[in-house]
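Enquirer: Below: one structure in structure tokens.
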Amino acid sequence: AQRVHRWVAVCFGAMIVATGCRSVVSEDPAQDADLERILPEAWAAESPREAGSITSYLLELVDDASLRTFVTEALEANPDLVASSRRLAAARRLVTVEAANRRPQVGARYNASRGNQWIDGAGHRTTTTRHRAAVGVSWEIDLWGRLADRERAASASVAGQEADLAAARDALGARIVQTWVEAITVE
Numbered sequence: 002a003q004r005v006h007r008w009v010a011v012c013f014g015a016m017i018v019a020t021g022c023r024s025v026v027s028e029d030p031a032q033d034a035d036l037e038r039i040l041p042e043a044w045a046a047e048s049p050r051e052a053g054s055i056t057s058y059l060l061e062l063v064d065d066a067s068l069r070t071f072v073t074e075a076l077e078a079n080p081d082l083v084a085s086s087r088r089l090a091a092a093r094r095l096v097t098v099e100a101a102n103r104r105p106q107v108g109a110r111y112n113a114s115r116g117n118q119w120i121d122g123a124g125h126r127t128t129t130t131r132h133r134a135a136v137g138v139s140w141e142i143d144l145w146g147r148l149a150d151r152e153r154a155a156s157a158s159v160a161g162q163e164a165d166l167a168a169a170r171d172a173l174g175a176r177i178v179q180t181w182v183e184a185i186t187v188e
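Here this note's numbering is used: the first residue of the sequence shown is 2, the next is one more, and so on.
Take a look at the structure:
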């Protein structure tokens, strides 16, 4: 029984390897030409993010001043949205930090110290004061693109957090509008 299970596992693994190595390029040039003709050069559909917020659209559709005020207050007072806004602000600052890492860094340091020294047994005391200053300049050449990748990753994180915040705002606003519409239709 164990030998049969091993044989089935080997056959299954070979099948996965064989299908994983299969070429996806078409052998028929006419089929490739048809695909090029059918597929558009660029997609024209707008994403909901580009078209504007769903909440704004719903508020324009309903067009009630009290509902607009209620939704605005709810969006501003929601602690989760406030926290998300603060995380977004922190992520934006991180992009600035990552961008700064690609520029030369300049640092300066100054230190002063004072010390008492006893010279002889007669109690003569001398005071010494030391001043030290240092200036340094460093710059990491982004030979392999690590710093640029980190900056792009931080920017992508900001874009994702912006989309998450917009979606959360839209979800809350849409839920408030939905509840309001249900409440006025019951009356």
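Ideal Cβ placement from N, Cα and C applies to all residues, glycine included.
(1) Using a Cβ-Cβ cut-off of 7 Å (strictly less than) and excluding sequence neighbours within five positions of D143, which residues of its own chain qualify?
(2) Return the chain-ordered ranges of every beta strand (DSSP E) run that is complete within the region 120-145 and spans a minimum of 3 residues.
(3) In angstroms, rounded to a whole number, what distance separates the CA positions of T128 and A154?
(4) Note down, in chain order, each residue of its chain lying with its Cβ closer than 6 Å to the Cβ of L60, except the 5 sequence neighbours on either side.
(5) Contact between the region 88-97 and the region 71-78: three or more CB pairs below 8 Å?
(6) Are the CB atoms of S54 and A160 nearer to each other than 8 Å?
(7) Write down the C-beta distance between V107 and V138 rounded to the nearest angstrom, noting that I regard them as a contact closer than 8 Å.
(8) The alpha helix (DSSP H) spanning D171 covers which residue range?
(9) Within its chain, find whatever has a CB closer than 8 Å to the CB of R170; leave out the 5 residues flanking it on each side and keep chain order.
(10) Given a threshold of 16 other Cβ atoms within 10 Å of its Cβ, counted over all protein chains shown, does I39 qualify as buried or as exposed?
(11) Could you tell me which of V5, V178, E163 sits nearest to S85, measuring between CA atoms?
(12) Contact defined as beta carbons within less than 8 Å: I believe R131 pairs with A109. What is the distance between those atoms, to the nearest angstrom?
Expert: In short:
(1) R103, A149
(2) 126-139
(3) 55 Å
(4) R69
(5) no
(6) no
(7) 5 Å
(8) 147-187
(9) S54, T56, L76, L82
(10) exposed
(11) E163
(12) Incorrect: roughly 17 Å between the Cβ atoms, too far for contact.
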